[in-house]
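Below is one structure, written out as structure tokens; the observations come after it.
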Amino acid sequence: MLILTTGQLHAASLVSFAILAYTAAEFNGNNGVAKPRDSSASCSRPKNPNSRLNPDQQYYSVNETLAITCDRGYELSNGKTKDTLTCKNVKWNKKKTDFKCREKPMIMTHNITITHDTIKVSWNSIYSRSYHYKVTAKCQLKRNYGVECDKTEETMSHVKNNATEEFFYGSLMPFSLYTITFNEIFHYGDGYQKEIRKTISVNTSETGPEPPCLSKDNNNPKIKWNISNCHGHILGYELTCIGKRSYNASFAEQYVINISSPRTEYRLNKLKKGTNYTVLLSGRTSAGLGKSSNITFETDISEPEPPEVSGMLVYNITDATAVLSLKLVAEVNGPISAYQIIIKKLKKKIPRKRSLSDMCQRNEIPAFNSAASNDLYITAEIPGSALRSTFTIGDGNMYQGYYNAPLLPEAHYTAIIRIVSTWNKVTKYSCSEYDSFSVSPRIVKKSNAAWVASASSLGILVIIFAMAIGYRRLSRKCQRNTEEMESISLINKGNVDTEIQVKDLLTYVIRKKKLEYENEDDEESVGLAKEYSSIPRDLIHPNIVATQPHNKGKNRYINITPYDQSRVVLQATSNKEDSDYINASYLDGYKKTNCYIATQGPLASTVDEFWRMIWQEKSAVIVMLTNLLEQEKAKCVKYWPEQSQQYSDFTVNLSSVKRTTEVVIRTFRVKKEDSSMERTVTQFHYISWPDHGVPKRLTGLRSLLKRVNECNVPGSGPIVVHCSAGIGRTGTFIALDCLLKRAEEEGKVDVMQCVKKLREKRVNMVQTVEQYIFLYDSLVEFLICGDTSVEVQDLYDKMKGMEWIDPATGKDRYTTEFETLQKFSDLYMFRPCRNAHKQLNKHKNRNSEILPADNVITHLMSLTNENGSGSYINAVIADRYNKQYGFVITHLPLKETLADFWALVYDYSCMTLIIMNEIQDLDETYPAFWPESGECSYGPFNVQKVLTKRSEGYTVTSLKLRKQKKETPVHLINLIQLEDWLMHQCLPRSDTIIKMLTEVQSLQQKPDDGTVLVTCWDGASRSGLFCAASIIHEQIKQEGLVDVFQAIKTLRSSRPQLIENKQQYQFCYKLALSLYSLVETYGN
């Protein structure tokens, strides 16, 4: 037995530890693997710094396999991130460069900016200093979505060494699919190079279409057109018809018609004779209107209106002369070139009247010839512009080459007035015949017989007395006839009484507009247009002073001049004949004579006279309704100073200028040289009224009327109102002011009589039918609707006041406002819905009471019927606050309209979809119309779900929409579904609606971010709430006010069923208050 001491044991332990330590070190030095005995045949560990090895050891035996995995961001030369090596007799079975992990190059595109003709792409290479690279980028047109569109290509190459680049491509085609291919070659330091390629597809946006090609047959009022859809889907057209007459500068006619696609022809009804028309047509895409093309044509003249002679007398008859009463004839069917007075000699005193048509149309009626019988002859011709109110037959003078021969004593005659209209070598006539008359016998003087003289005197007195009695009886008879004729005329025109009680005004307007809709294809005017056409136009009183040669240069338009009886006469300043003339007319207001002065926009040569008139008439207010330049035409000279300026004897100083969105208010101090008095004059310059048109918004005009009347203090002179000509916009403003004042005091209006009275004082006041209808629309707005806007800071107080219940009616003001809205919406209920009522479309309507009117219907282009026309869907377009046609409103799709629904989304570029119901809360007739996961097909469309984001009360689902054909654009859609408003609940949660609005705002930050589609179970009862909330939100942000009534009225012009009850109406107010609090919080 071996026995060791303690010291020996300790020494032995140290030796063992040393042996173990050496063995461990040897093992670890070989990465935990003992070196093979035949190390000359093994493979060493690869030196690959950016990789992971498995197994990871220093040496590998023959036929041993090694797995290499590259770190993230690195790859092998074959593009893979993993590979295996096998040890083959000292060497690995692959080249060293093959299994080296190199930095993986990438191209990352971001921030693609697209317009209709440019693409800007920012890209970024994941770059390090381990390589340098060369980039080639090629932009290529793949297809245009239109038909027969030219193709162009552009290729750009770049060699860059920095990491971030930006490529820009211009002069591209709109509404097209482009591919941009990046080809990048990376060069590494070891001689290895890598090429990668990336292709992205980009769609250029739509733009306004090119001008359409117009055509018209000479004898047909129908125009036809074709238009390219290379710039976008054609949604419809805007047609503007402008009528002018070169022979009558005061005549102006203009109207605008919106035509739905796919119509490509339109019948121009109600064209006036002898008028030069310009028709402008523009196509409309989702980007708006494109450039217009125009076609010009002239309608033939026709017979002038017969002159009015009923009640017109032949009087002051002597033995050789007689006096005719004359009236101007309106230039309705062509220019009035001349008035011919024809004398017809009668065999009997009272002839049997025969038709004048044969005689009237004879070109060659002779002049007076002393050698002829002169049974029928032209005694005088008076130029159309020189007619006076009377004419003396037989005065022996020459008139345009015709001898006005004395009449024969004791002969019987009748006078015929013939109107001559000549234009473009065509002459037309019309005639009217006066009652017959007898010439007095010739008086023979015999001075040598006193009794004869006495007898003659007595005889003359008897004749005069008899004539006086006859004249009186004839006057009474003529007056009765005139009254009867006027009564018959009014009855025939359907205007027995145009005075309307304010309480009946809306009903009256609805009835008239309904007539217009029902007869819109008829050539005859109906409704309000017919009422307007019955008002006398053109000159009806003499204007001798205005047409004098020395005054003609002071008229901006040669045919718009003041009547002698109502012109403003300036105090003469010199012996010059023209020193008392200015183109201005007095007009009476409501119960006030000479309340207004209507005048033209001053010319450079009449500015001094303008300020003379202001001073002379003691006017304190000027209303300017034109801009200095409109459509590149001068409409008015700048007649005021920027600081101070002398105008003849007057010094005008500008004291202050205040600006609002629609009105510029300038205050002047005016002083005359020889006077110590200084006067204040305020000019209200309304800048939002287009020439020959009407304002689009009435808020500013309402404010203007109020401030003008407040500023015109008692004791001031007439309010001076002017536009360019001083008749169209000027007449409309003055008429509206008069009508509102009468309505306030009497509770009545009479638009037709008001305009007629204005035209008695100045020619063609209220110049167009559009302006006339605007008077009715404004009266309804002001008198029926009232001012419903409120400053946001006063909203809470208004809402408290609206809770007050009127003891007389038992209703609060919410109820009263909503009932007014309901009545007003009747204006839109009777519009035709022809497309919706077609037999092939009826099954696509969920509710037969909620149908799209033809003027607001959406037309599908991606789906067509068998006849090639666009497919139908029950959907309408509506205006957002700052974007025309910014909303599309429809009901949730039926099973048979799933494809139509997605065609609607696709065709109208709806980037955001608002669903005001949770689909699971509805019955089986409401199918799901997007996939829960993956991709689904709906007709020719594929919809792919990308992701879903859940929020409190709603979810946002991102989708990709594309047509199944190749190379079609992919639309990125965000679908926002309201989930906490169940069907049995009356109203939603206001905080959820506000959060949804904020979500939409974040998705629709740019004006071209597409249309917002809003849908609910029936397309009305819930959709209106979201649309109204959106408009109210913008009102608060942009204007600092709330007008719930106007917001909903605007929406109801597209779909009258929106906001279905008082509870929803009141909810909009509460929502507005919450939105104001939110905006105020963010503002602070």
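Numbering (mature numbering (1 follows the signal peptide of the UniProt record, and there is no 0)), first residue to last: -25 to -1, 1 to 1059. Cβ atoms here follow ideal geometry from the backbone N, Cα and C, with glycine treated the same way.
Integer-rounded CB distance, given that residue j should sit under 8 Å from residue i
i, j, result
"Phe805", "Tyr492", "6 Å"
"Ser405", "Ile394", "5 Å"
"Thr930", "Lys938", "Between Lys938 and Thr930 the Cβ distance is about 26 Å, and since that is not below 8 Å, they are no contact."
"Phe793", "Lys1037", "5 Å"
"Val401", "Ile276", "6 Å"
"Asn251", "Ser221", "7 Å"
"Arg734", "Met727", "That pair is no contact at about 11 Å."
"Asp583", "Tyr538", "About 23 Å; that fails the 8 Å criterion."
"Ile391", "Leu331", "7 Å"
"Thr887", "Gln979", "6 Å"
"Tyr1051", "His946", "Contact doesn't hold; Cβ gap of about 35 Å is too wide."
"Leu796", "Ser753", "Actually they do not touch by this definition, with Cβ atoms about 18 Å apart."
"Leu873", "Cys991", "So it is not a contact: roughly 17 Å between Cβ atoms."
"Tyr374", "Leu382", "Not really, about 15 Å apart at Cβ, beyond 8 Å."
Three-state secondary structure assigned by DSSP to residue i
i, result
"Gly675", "helix"
"Arg486", "helix"
"Asp563", "strand"
"Ile198", "strand"
"Lys527", "helix"
"residue 1089", "The structure shown has nothing for residue 1089, since the chain only spans -25 to 1059."
"Ile589", "helix"
"Tyr901", "coil"
"Lys716", "helix"
"Tyr538", "coil"
"Met599", "strand"
Straight-line gap, residue i to residue j (C-alpha atoms, nearest Å)
i, j, result
"Glu1", "Gln32", "Summary for Glu1: the model assigns pLDDT 41, below 50, so the residue's position carries little reliability, and this model does not support an answer."
"Pro281", "Val304", "8 Å"
"Asp875", "Ala903", "14 Å"
"Leu770", "Leu1048", "7 Å"
"His91", "Trp779", "54 Å"
"Leu578", "Pro693", "21 Å"
"Asn467", "Leu288", "With a pLDDT of 35 at Asn467, under the threshold of 50, the modelled position of this residue cannot be trusted, and the question is left open."
"Asp350", "Ala380", "13 Å"
"Ser663", "Val638", "8 Å"
"Cys62", "Tyr35", "7 Å"
"Val307", "Pro279", "7 Å"
"Val696", "Tyr571", "7 Å"
"Gly249", "Gly218", "10 Å"
Spatially closest choice to residue i from the options, by CA coordinates
i, options, result
"Gly722", "Cys188, Val477 and Asn822", "Val477"
"Glu653", "Val37, Ser594 and Lys1045", "Ser594"
"Glu720", "Gly369, Glu841, Lys566 and Asn29", "Lys566"
"Ser235", "Ile209, Ile217 and Asn223", "Ile209"
"Glu181", "Pro196, Ser509 and Phe150", "Phe150"
"Arg542", "Asn244, Lys248, Val738 and Gly183", "Val738"
"Asn534", "Ile702, Pro689 and Met287", "Ile702"
"Asp513", "Tyr614, Thr536, Gln523 and Gln375", "Thr536"
"Thr707", "Leu1016, Thr943 and Leu562", "Leu562"
"Arg27", "Asn53, Asp58 and Asn38", "Asp58"
"Ala361", "Ala313, Asp666 and Tyr388", "Ala313"
"Ser699", "Val724, Ala559, Val627 and Leu481", "Ala559"
"Ile160", "Leu679, Lys109, Gly145 and Tyr144", "Lys109"
"Val284", "Thr271, Phe272, Glu273 and Leu299", "Leu299"
"Asp553", "Arg644, Gly564, Asn530 and Thr574", "Asn530"
"Cys76", "Lys169, Thr93 and Asn38", "Lys169"
"Thr548", "Phe226, Gly576 and Gln591", "Gln591"
"Leu922", "Pro511, Ser933 and Glu756", "Ser933"
Every unbroken beta strand (DSSP E) within the segment 677 to 709, with a cutoff of 3 residues, ordered by chain: If we require 3 residues or more, the beta strand (DSSP E) runs fully inside the segment 677 to 709 come out as 694 to 697.
Unbroken stretches of the beta strand (DSSP E), 3 residues or longer, contained in the segment 722 to 804: none
Where in the segment 930 to 976 do unbroken runs of the alpha helix (DSSP H), each at least 4 residues long, occur, reported from the N-terminal end onward? none
Whole beta strand (DSSP E) runs in the segment 345 to 400 with 3 or more residues, listed along the chain? 351 to 358, 365 to 368 and 387 to 398, all fully within the segment 345 to 400.
4 or more residues per run - each alpha helix (DSSP H) lying fully within the segment 808 to 890: 809 to 812 and 873 to 882
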